[in-house]
Structure formats: C-alpha cells, structure tokens
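Here the structure comes first, spelled out in structure tokens, and everything after it is commentary.
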Ligand SMILES: Cc1ncc(COP(=O)(O)O)c(C=O)c1O
C-alpha cells in the first residue's frame, strides 16, 4: 500500500486519470480534453485564455450567466458567517427566506418548499412525498408511478425508473416496480420544424386513462413529466397536452408532478413552465437555476393540501421521514437569494420571453443544412436532430460538439445525434446570432 501511495503522490497534480467523468466517454475525453478554467457572464475561458461562448448555461443551470458578482459575494459572506447548520431539528434564517421567495414565484397554492441538493434528489423527494401522502390519508394502495418515454428525471433509482431513456435504465437491474410509462409526445412526421408547442399530440395525454384503467385508479399514486423534455432534445408539450393530463389526474385522485429542473427559473420565459401553460401541478421539482448553478441545490414545492395532510399526530413526532444532511445548506440558500434578486432586478424571465422569437428564428435558419432532420424551439431552448452516421449512432453529434468547442469556441450539449442550445438568459441578440452561426459551421464540418 505504501508503495502505491508514494507513486500516486509522485503523479502530476493535473493528471487526468483519477477523475471518472460522469455521462462522458472518458477515454475520448482524456485523449483530447475540453478544459474550462474560469468563466464570466456569457463566456468560459480555457487555461490558455481562449474565450468560449456558453451556449448551454452551464448544464441548463447558469441562467443569470457565470460568476455574477452578487452571487459570488453572497456565497463568500455566508461562508464567513455560517458555513453549515443542520436542517434536521434546527434551521437558519435564510432557509425560510428562500423558501418564501420560491413559493412566491410558484402558481396557485404551490407553497410548501422542501430543499435538497440536486434535480435527482428533487425527483426522488417528490415521488416519496406522493407515496407517503396517499399513505397518510389511508390510501396506501396507491403505489404505482407513471412516467413517460423519453423523460429524464435524473439518475436516482426513482428517477431512472420513471424516466424513459433506455441507456439510463438497462444496466441497473429491475429498478422500482409498479412503474408504467406514457408515450413520448414527439413524432417527427407530425411536428418537424415547429417553433414552440406543436399543434399535434394533445391526444397522447389520453393514454393516461388507458394505463389507469389497466391498473385500477386506486393503485396509482402519481404521474411525473417534464413540461418540456430537455435532456432528450427539447421536446415541448403539445398544445393542450398538460391540461388534459391535469383533468385525468383530477378525475382519478392521482397527483401530477412537474419536473421543472430545466424549465424552472426562466428557461421558458416564466418563473415556472406551469405558469406558461396555466396548469398547476400538485408537486413541482426544481434545481439548477435556483442558484444559477453556483451551489448545488434542488427542491420540491408542494400544494398546501399535501403538506397539511402530513401535519397530524403528536407535535413532537416527525411528519416526513426524509431529508438530506445538506438540505437548505446555508451557502446554497445565500446563492439562491442572490440569484433570485438578479432574476428580478434584471427581468431575466421576461427577457427570455422577449427573446424567444429572435432565438427561434435564428435556430430555424439552420433548416436545410446537411443532415439536419428537425429543429425544435421553445423559450430559450433549441434541439437540433442530425442524421446519424450509418452504423455509428451518436458519432456525428459527438463530433459536432467537439468541433464546436475546439474550433468554434462554443459549448453546446449533445444527446446522441441531437444538439441542444440553451444559453444563459442574459444572452444578447447578437450573441444568439453568433451561437447559431457557430452551430451551423459545426454542423457543416461534420456533414
Ligand atoms: C428534468 C430533469 N430532472 C432531473 C434532472 C437531474 O438533475 P441533477 O443532475 O441535478 O441530479 C435533470 C438534469 O438535467 C433534468 O433535466
């Protein structure tokens, strides 16, 4: 052992071996790393000083842009004042302040905020609250969860069970039992090159009735969907789809969960997509933009009645056996409050709404480039499907992302052969043009 640690210590500090990168082809990355050393506003900077435009708001999270001074200062102040305090049996003032601010942004009677540290934890928290809610009301037979094909709900066992991405599921055993899936709402023949919500597809919500009839309504706890599926390539809800889901859930006493980890905090031009669509879920998951990506944080907003259902029994007894060491971490709360101030003071959600048509036009201008099969846009998000290379699915998408970074100084996201663009909400009109010019050159380069 002593031998091993000596040789490990002798390694250079910038050795790339030890870090096992998540959701990354590690060997390809380590052969040609894409390293980001610092950031400011709309740009990253490489160690050698190259400015790289951020076309993905970090990973759909840095909605106020990078390294914003008020957020950095709030984190620094908080670290010096109160680095940590537990949220079990104790609390610090900013946790209440942030919960109230988040609740004030949410529609309807979505009011009670439970904090965790990521989108995956937010999803597991929402699923657990849903199951426990039925349980405490004496409807413990409601255990089934319904997700959707092509849905992404993070990487916890709950999230991958209700999620609908084959590679995120197939390696990990039997997952949760009692889970069913709605069909995905995307059909290229019906909706290719649509700006905003497609006209076609609302009827797919009626599949919920079929699934519920199959299992019996009294066994179904909750339905979870993303109002706009981001990770599988920006798939906006068809017009009327979410209303129909809401109606069916109400008819059967099933909870509706919106996973707004990407759509929350301005991506679709509103604080939450629930507001854009005028549909209030029972539970709403958030993460990412709550701190503009500066400190990990996630959470769930529950409707009043859900919280109330738990507030029974002796007052000294815990009502919900769930929580995390870092729930409502002081640094995350400080970053969250500073981020919400920036969103408000700079009107960033309205800004996203105003820029939506400009962004959609710039994205659609890529129609006709070699291999472009479809482009979808909603809010400040775009998905561009490229034709896969024969026998090498994902290779063209990977090459486009790599070319964009190495040769065009642009960060974009890929899922297989689909490119995603979702810049910070501070993006200028000129930068929107610049981003899509760069994407166009990357697409041509991999034709
Ligand atoms: C809709 C949705 N839910 C959950 C998650 C998981 O979030 P995290 O990576 O913070 O666990 C993501 C991440 O992209 C997401 O897009």
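Residue numbers (the numbering used here): 57 to 503.
Quick reminder that beta carbons are idealized off the backbone N, C-alpha and C, glycines included.
_Please report the distance separating the alpha-carbon of residue 160 from that of residue 153._
Numbered from 1 along the chain shown, position 104 holds the residue referred to as residue 160. Numbered from 1 along the chain shown, position 97 holds the residue referred to as residue 153. If I take the Cα positions, the gap works out to 11 Å.
*Please find out if some non-hydrogen atom of ligand 1 comes closer than 7 Å to the beta-carbon of residue 208.*
In the chain shown, the residue the question calls residue 208 occupies position 152. Because some heavy atom of ligand 1 lies under 7 Å away, the Cβ of residue 208 counts as near it: yes.
*Along the alpha helix (DSSP H) that carries residue 401, what are the first and last residues, could you check?*
For the purposes of this step, residue 401 is identified with residue 345 of the chain shown, where counting begins at 1. Residue 401: member of the alpha helix (DSSP H) spanning 386 to 401, first to last residue.
_Rounded straight-line distance, which links the Cα of residue 443 to that of residue 501_ = Stepping through the chain shown from its first residue, residue 501 is reached at position 445. Stepping through the chain shown from its first residue, residue 443 is reached at position 387. One Cα belongs to residue 501, the other to residue 443, and the distance between them is close to 14 Å.
*Does DSSP put residue 264 in a helix, a strand or coil?*
Walking along the chain shown from the start, residue 264 turns up at place 208. DSSP, reduced to helix, strand and coil, places residue 264 within a helical segment of the structure shown.
*asked:* Any heavy atom of ligand 1 closer than 7 Å to the beta-carbon of residue 116?
replied: Against the chain shown, residue 116 aligns to sequence position 60. Under cutoff, so the answer is yes.
*Under a Cβ-count criterion, where at least 16 other Cβ atoms within 10 Å of its own Cβ denotes burial, should residue 352 be classed as buried or exposed?*
By 1-based counting over the chain shown, the position of residue 352 is 296. Burial check for residue 352: the Cβ neighbour count within 10 Å reaches 16 or more, so the residue is buried.
*asked:* I'd like to check one pair, residue 398 with residue 124: are the Cβ atoms closer than 8 Å?
replied: Position 68 of the chain shown, counted from the first residue, corresponds to residue 124. Position 342 of the chain shown, counted from the first residue, corresponds to residue 398. Yes, these two residues count as a Cβ contact at 8 Å.
*Give the secondary structure of residue 420 by DSSP, where H, G and I count as helix, E and B as strand, and everything else as coil.*
Counting from one through the chain shown, the residue named residue 420 turns up at place 364. In the structure shown, residue 420 sits in a helix (DSSP, three-state: H, G or I).
_Please report the distance separating the alpha-carbon of residue 170 from that of residue 330._
Here residue 170 is taken as the residue at index 114 of the chain shown, counted from 1. Here residue 330 is taken as the residue at index 274 of the chain shown, counted from 1. C-alpha separation (whole angstroms): 18 Å.
*asked:* When you measure from the CB of residue 315 to every non-hydrogen atom of ligand 1, does any distance come out below 7 Å?
replied: For the purposes of this step, residue 315 is identified with residue 259 of the chain shown, where counting begins at 1. Indeed, a heavy atom of ligand 1 lies less than 7 Å from the Cβ.
*asked:* Assuming residue 405 and residue 322 are in contact, meaning their beta carbons sit under 8 Å apart, how far apart are those beta carbons, in whole angstroms?
replied: The count along the chain shown starts at 1 and reaches residue 405 at position 349. The count along the chain shown starts at 1 and reaches residue 322 at position 266. Indeed, because the Cβ distance is near 4 Å, the residues count as touching under 8 Å.
*Identified DSSP bridge partners for residue 97*: Within the chain shown, numbered from 1, the residue matching residue 97 stands at position 41. Under DSSP, the beta-bridge partners assigned to residue 97 are 122.
*How far does the alpha helix (DSSP H) with residue 190 in it reach, from first residue to last?*
For the purposes of this step, residue 190 is taken as the residue at position 134 of the chain shown. First-last of the alpha helix (DSSP H) with residue 190: 175 to 192.
*Report yes if the C-beta of residue 343 is less than 7 Å from at least one heavy atom of ligand 1; otherwise report no.*
One-based indexing of the chain shown puts residue 343 at position 287. Answer for residue 343: yes, Cβ within range of ligand 1.
*Consult DSSP for residue 61 and reduce its assignment to one of helix, strand or coil.*
In the chain shown, the residue the question calls residue 61 occupies position 5. With a pLDDT of 49 at residue 61, under the threshold of 50, the predicted position of this residue should be treated as unreliable, though the coordinate-derived value follows. Here residue 61 sits in helix by DSSP.
*Proximity test, residue 175 beta-carbon vs ligand 1 heavy atom, cut-off 7 Å*: The count along the chain shown starts at 1 and reaches residue 175 at position 119. Yes.
*In terms of residue numbering, what span does the beta strand (DSSP E) encompassing residue 434 cover?*
Within the chain shown, residue 434 is the residue found at index 378, counting from 1. Following the DSSP letters along the chain, one finds residue 434 inside the beta strand (DSSP E) bounded by residues 428 to 434.
*Less than 8 Å between the CB atoms is what I'm expecting for residue 232 and residue 214, so what's the real figure, rounded?*
Residue mapping note: residue 232 aligns to position 176 of the chain shown, counting from 1. Residue mapping note: residue 214 aligns to position 158 of the chain shown, counting from 1. Residue 232 to residue 214, Cβ: 6 Å. Contact.
_So for residue 318, helix, strand or coil by DSSP?_
Your numbering for residue 318 matches position 262 in the chain shown. Reduced to three states, the DSSP call for residue 318 is coil.
*So what does DSSP say about residue 75, is it helix, strand or coil?*
Walking along the chain shown from the start, residue 75 turns up at place 19. DSSP places residue 75 in coil when its eight states are reduced to three.
*Cβ pair count under 8 Å reaching 3, the segment 451 to 458 against the segment 474 to 481*: Counting C-beta pairs with one atom in each stretch, the segment 451 to 458 and the segment 474 to 481 have three or more that are closer than 8 Å, which means they touch.
*Within 8 Å, strictly: CB atoms of residue 185 and residue 340*: In the chain shown, the residue the question calls residue 185 occupies position 129. In the chain shown, the residue the question calls residue 340 occupies position 284. In this structure, residue 185 lies away from residue 340, with their beta-carbon atoms at least 8 Å apart.
*DSSP three-state assignment for residue 305, whether helix, strand or coil*: Here residue 305 is taken as the residue at index 249 of the chain shown, counted from 1. Three-state DSSP puts residue 305 in a helix.
*Does any heavy atom of ligand 1 sit closer than 7 Å to the C-beta of residue 470?*
Position 414 of the chain shown holds residue 470. Incorrect: residue 470 has no Cβ contact closer than 7 Å to ligand 1.
*On the DSSP bridge assignment, give the partners of residue 204 in chain order.*
To locate residue 204, count along the chain shown from 1; it is residue 148. Paired residue(s): 238.
*Should residue 137 go down as buried or exposed, given a rule of 16 or more other Cβ atoms within 10 Å for buried?*
Working through the chain shown from its first residue, we reach residue 137 at position 81. By the 10 Å Cβ count, residue 137 comes out exposed.
*Thinking residue 518 and residue 480 are a contact (beta carbons under 8 Å), I'd like their distance in whole angstroms, please.*
The chain is shown from 57 up to 503; residue 518 falls before or after that span and cannot be answered.
_In this structure, how does DSSP classify residue 457 when only helix, strand and coil are distinguished?_
For the purposes of this step, residue 457 is taken as residue 401 along the chain shown, with counting starting at 1. Here residue 457 sits in helix by DSSP.
*Any idea what DSSP makes of residue 232, helix, strand or coil?*
By 1-based counting over the chain shown, the position of residue 232 is 176. Reduced to three states, the DSSP call for residue 232 is coil.
*asked:* What would DSSP say about residue 340, mapped onto helix, strand or coil?
replied: The residue you call residue 340 lines up with position 284 of the chain shown. In this structure, residue 340 counts as strand in the three-state DSSP scheme.
*Shortest alpha-carbon distance to residue 357 belongs to which of 378, 313, 304?*
Along the chain shown, one-based indexing puts residue 357 at 301. Out of 378, 313, 304, 313 has the C-alpha closest to the C-alpha of residue 357.
*Okay, do the segment 378 to 389 and the segment 235 to 247 touch, 3+ Cβ pairs below 8 Å being the bar?*
Counting C-beta pairs closer than 8 Å gives fewer than three between the segment 378 to 389 and the segment 235 to 247, which falls short of the contact rule.
_Segment limits, beta strand (DSSP E) that includes residue 110_ = For the purposes of this step, residue 110 is identified with residue 54 of the chain shown, where counting begins at 1. Unbroken beta strand (DSSP E) run through residue 110: 107 to 110.
*Buried or exposed (CB count within 10 angstroms, at least 16 for buried), residue 209*: For the purposes of this step, residue 209 is taken as residue 153 along the chain shown, with counting starting at 1. Burial is judged here by how many other beta carbons sit within 10 angstroms of a residue's own beta carbon; residue 209 has at least 16 and is buried.
*Provide the residue span of the beta strand (DSSP E) that contains residue 115, from first to last.*
Counted from its first residue, the chain shown places residue 115 at position 59. Taken as a continuous stretch (DSSP letters only), residue 115 belongs to no beta strand (DSSP E), being part of the alpha helix (DSSP H) at 113 to 116.
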